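Residue numbers (the UniProt record's numbering): 1 to 68. The beta carbon of each residue, even a glycine, is placed where N, CA and C say it ideally should be. Being a predicted model, the structure only gives us computed values, none of them experimental. Heads up, the thing below is written out as structure tokens.
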Amino acid sequence: MVRERKLSEEQVAHLELIARRRARRESAESLLIEAIKDGQSLGLTQPEIGEAAGLTKQRVGQIWRGTR
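Here is the structure:
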């Protein structure tokens, strides 16, 4: 049996903050993936996409490999 535990208002607020940050990060990540896919469809190279998006070559490469 699972024992219920009452969270303090501070704990709930902290968990809500974490959830909002995670949602923003995931949303930003999906926007980056879409931008890289758009760049690929336009025939741009990894360095060109990275420069336009303000990302490092390493980060573009990680996302690039994940979108193929």
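DSSP state of residue i mapped onto helix, strand, coil
i: Leu55; result: coil
i: Ser8; result: coil
i: Arg20; result: helix
i: Gly39; result: helix
i: Leu44; result: coil
i: Arg65; result: helix
i: Arg25; result: helix
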